[in-house]
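Everything on this sheet refers to the single structure shown next.
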Amino acid sequence: MPHLSVNPSSKPNCSTVWLISVLLGLLAVHTNANDVLTVPQQVSLSTNMDSQQLSISWLAGAATTFDLMILRTELNESVFYETVSVMVSQLSGRHEWNWTSVEPLQCTSLSIKVRSREGQSTSEWSNTEILQGSDLPSEEEWQMFPLDRVVPVGANTTFCCIVKEGEQFGTINYGNTVMNTTRLNPPLLSDFVCETHDLTSAVCLWNERNTNLNTKTRGTRHTLNNRTFTLSRSENPKKECRVDHWEGNWTLVAVNPLGQYSLTDSAELSHRVTPVAPENLTSVAHAMNATVLWQWKYDGYSSLALVCQVELTSQGYKTNHTFSGVDLRAVVLPDLYPYEDYSVQVRCGAQQNFWKWGSWSETMSFKSSSIVPEAPDMWVWMNKDYTGQVIWKPLTRRQSRGLMTGYEVTLWSPGESLQHTDILPPDTFAVPVNLTLMATASSDNMVMATVTAKNTEGVSLPASVLIHLRLTDADPRAVSQAVYTDSGFSLFWQSDVNTTCAYVVEWHNASCKWNCPVDWIKVAPGNTNVSIESANFQPGVRYNFSLYSSSSEAPELLQRWQGYMQELVPSSPVLSLLTTQEDSDILLTWGHIPLVSRRGFLLGYNIYISSGSQLRLLANLSDPGSRSYTVKGISEGSYKFTVKAYTSAGEDTGATASIMLEPFTDWLILEILASLGVTALFLVIVTFLCYKKRKWVKKAFYPDIPEPKLPGDWSRSQAPLDVKPPHHSLVHMVERPEWDSSKEALVVIPEEDEDEDGQGIGDELVDTDEPTSLRYYNQVVDERPIRPRYPDSSDSSASSLDSARTDVTYTGIHTSGSSFVFQLDPQGSSEGHQPQADPSFCAGGGGGYRPQMQSRVPSDDTGQASPNPFPEPQAASGYKPQSSWQMDSPVDDGEGRSHASSLGSPTSIASTLFLLPDGEDHTEEKQPSSSAATWLTNLLSSTKP
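The sequence shown begins at 27 in my numbering and counts up one residue at a time.
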């Protein structure tokens, strides 16, 4: 600023004062304008190729007037340069300007720059943004733009042709008309710039397209600030030229038969400093940090303010650290991992008027020193008894912080003096424990498990978990379903106020129940969600997740989840599919599918029945807990059923069981019982009807034998009926000497020999002048019961059995119902003898019924009866009537003929049949009839009404 001195005695110079004031005002205005105008930042480009419109946006504060410059990059020709007024967009907060190009935007590269303007004051130009065209050397085919455009009639359209690299352009024809063409990018120069490395000389760089004019006379010639130089022949488009002194303004001219092209560049030396790569890198490494040192090639850097970037690589990861300072030759790298291998490289740039980064140095490697390891991340798995395992995660190389030598596991009871310690090798990460002894001896049911890690530098801090020996699980009904997403299993829970240290999320294969391989993760106490991802997760495997709260006390189970990474169809069908017939129904029962074979959450079961080669769906059971199904109303036959379990991924292969449905046994029994009941009812009805109609039945099937009808009063009486035969009608009984009294005999009992009580009258003589009543008596011959073929009423049968006799009537004669038997002498004498009662008759009860039988024998010349009138009777069953009669034609034999021969066929009063001979003697006894037949016979042979 100029110094002004004023002389009071002199006259002031007004013109000088005015000039100074104007200069100061202009300086103030210029300074204020520079302070207000902002260089546009973050220039961005977007295009609409169909409308050939370029949209430009930038940030420039409150400025509203800008200069826009659009150049063809290769020719450095201005396409658009105007001052425009642009307001800030309310939506994006940026200044936006749209420009429509005459040529398609794909034809050539465009360079865009923006600066702020306020009247005559302007800011610096923004960084140049380049819109890359399609005219790149990498494009190996011819291209034409635009393609398939529709324009109104009379409109003008500009086309561009991009020539394949290495070939020459000819012409463009529209029909037969050759169109005028303009070259947008001749084989000229681009990206011309000059910079310095040593703060003295200049290095100018540019890109040059290959023109294939490689001969000496046709090749491209170059001049830099009117000084000719020759470039080495190379396919590399990058070209450079060195100049010993910095000149500030540079002009590059390239000339070949196709034309001439020139590029210019100007800049101050301090604005184009590009430091060379640092040399001779060394390091001093510690456990947690390292110092990296290097040297510079040029001494001028000792006064240069530099900014350096150090790239640190470890285990494939790269991190950048930035440092700055004058004569920067060393930096300290913090936050290193102990016992870790690192590699480092450095590059620098000018701190003031930063132009660009220099080249990277060569890579240098070092290793940090070791210290004691970190505390292991441990957990405890307990089985249902007091056994379990203490597990911990292997320490990584960074966590081990040195060469590992082993682990130490200690179990001790806080309230007791019990303690147990194991020393384990470095490749062991779990140890089984049995806390039975401590559980019985501990008073507070607590055991502390502690794990420490050891390396060559020492022992880590202990990691501890308090084990509650009475730990109870949460309610199994609280198990939720975890869903797997791209980020893993997402778990959510409510915040627990008792959690002061961290949450622990544990997971393992759900099919494991004993000493399971467990994984876990610790979550900060303020979080209420986590995504669990693991390389060990497999499709079709169910995993159990458990959330524990971690505090100074023993871990407390808060929540449980189950989930699949991916559900699959079950790998095996249901177990033990059985079919059971229940009446006309079939009961299907089956067992569960093992958890390891489910491979998804079971949603239910489908029941199928085989129909030929097809399966027909019978039912869908949506309850996965179902274990049975009843198929109702099945007819007899063979059936095959299939049960398939299904998950969200589909059905399994199914289990099949067959059954032959037999006739319903209970129904068969009921049918038999019903048939018997109907039969019994029928018999009862028939019996009842027969009983009600017994007169008709007896008349129809067992008619009564008509009784003899004689004139006069033949009413039946209890007294014997006296028949008065002629005086000569006597029956003479001839007794054989060998006659057995137990055998049958026909006797004649005179009426006079019986009194009214049936007793004999002693030795009184029989009046032979009175006709003798003929009586027929049977003899009891055996002990078998009486079995009449057609018995009458029970009363009649009993009377006949008790009396042991049968009254016989002859034609014209009716015998008495009560008479005593007198044994007559063989000569038929009328002399009296004391009658001898038959012993078998007197014995009475139970003897079989057999009548007397007397066979007729021919008489001799004298008319006397046969000396053997009573032949030995044949033993026979049933009723045998007396068969000692002749036919109704009597034989006249003088005085000795028998009047009995004139009698008719004998009948039994108590019998309904004629007493006729059987024609033959039966020697075999008839078998007793059944009780049912006897009952029916007695019913039908009831007493006459």
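Ideal placement from N, C-alpha and C gives every residue a C-beta, glycine not left out. Predicted model, so just to flag it, every value in this text is computed and none were measured.
In the structure shown, the three-state DSSP call for Val600 is coil.
Taking 8 Å as the upper bound for CB-CB distance, Met404 and Val477 are in contact here, some 5 Å apart. Note that the region 227–236 touches the region 263–279; at least 3 beta-carbon pairs, one per stretch, sit closer than 8 Å.
Looking at Trp322, Trp407, Phe627, the one whose alpha-carbon comes closest to that of Trp418 is Trp407. One alpha carbon belongs to Pro488, the other to Ser598, and they sit about 47 Å apart. DSSP places Lys382 in the coil class of the three-state scheme, outside both helix and strand.
By the Cβ-count criterion, Ile731 is exposed, with fewer than 16 other Cβ atoms from all chains shown falling within 10 Å of its own Cβ.
Close CB contacts of Val358 within its chain, under the 7 Å cut and outside five residues either way in sequence, are with Asn315, Thr317 (chain order).
Secondary structure remark: continuous alpha helix (DSSP H) runs of at least 4 residues inside the region 600–670, in chain order: 621–624. The DSSP-derived three-state label of Met464 is helix. Three or more Cβ pairs closer than 8 Å define a contact, and the region 516–534 meets that threshold against the region 573–581. Assigned with DSSP and collapsed to three states, Val69 falls in strand. Rounded to whole angstroms, Leu687 and Gly659 show a C-alpha spacing of 11 Å. Excluding sequence positions up to five before and after Glu559, its CB lies within less than 8 Å of the CB of Ser513, Gly514, Phe515, all in the same chain and listed in chain order. With a cut-off of 8 Å on Cβ pairs, the region 65–73 is in contact with the region 85–96, counting three or more such pairs. In the DSSP assignment, the residues bridged to Phe92 are Val110, Ser142.
Boundaries of the alpha helix (DSSP H) harbouring Ala726: 720–727, taken from the DSSP string. The residue among Leu621, Gly663, Lys670 with its C-alpha nearest the C-alpha of Leu644 is Lys670. Its chain contains Met464, Ala467, Ser468, Ser469 as the residues whose beta carbon lies nearer than 8 Å to that of Glu442, once the 5 sequence neighbours on both sides are disregarded; these appear in chain order.
Taking the Cβ atoms as the reference, Tyr569 lies roughly 26 Å from Gly552, outside the contact range of under 8 Å. Of the other Cβ atoms in all chains shown, fewer than 16 fall within 10 Å of the Cβ of Glu579; this residue is therefore exposed. By the C-beta criterion, the region 369–376 is judged not to be in contact with the region 396–403, since fewer than 3 inter-stretch pairs fall below 8 Å. The three-state secondary structure of Tyr363, taken from DSSP, is coil. Here Glu150 is not near Ile138, since their CB atoms are 8 Å or more apart.
Distances from the CA of Leu647 to each of Gln640, Tyr655, Thr183 were compared; the closest alpha carbon is that of Tyr655. Between Phe667 and Thr605, the C-beta spacing is below 8 Å. As the crow flies, the alpha-carbon of Ala479 is around 6 Å from that of Val485. Counting of Cβ neighbours within 10 angstroms places Asp174 among the exposed residues, the total staying below 16.
Taking a contact to require three or more Cβ pairs closer than 8 Å, the region 449–456 and the region 421–435 qualify as touching. Rounded to the nearest whole angstrom, the CA to CA distance from Leu444 to Thr526 is 28 Å. With a contact defined as Cβ atoms closer than 8 Å, Trp519 and Thr554 qualify at about 6 Å.
When DSSP states are grouped into helix, strand and coil, Gln132 belongs to the coil group.
For Trp381, same chain residues with a beta-carbon under 8 Å away, outside a window of 5 residues either side, are Glu221, His297, Arg298, Val299, Thr300, Gly375 in chain order. The shortest CA-to-CA distance from Arg642 to any of Asn632, Gly651, Gly326, Asp649 is the one to Asn632.
By the neighbour-count definition (other C-beta atoms within 10 Å, threshold 16), Phe708 is an exposed residue. Ser426: member of the alpha helix (DSSP H) spanning 423–426, first to last residue.
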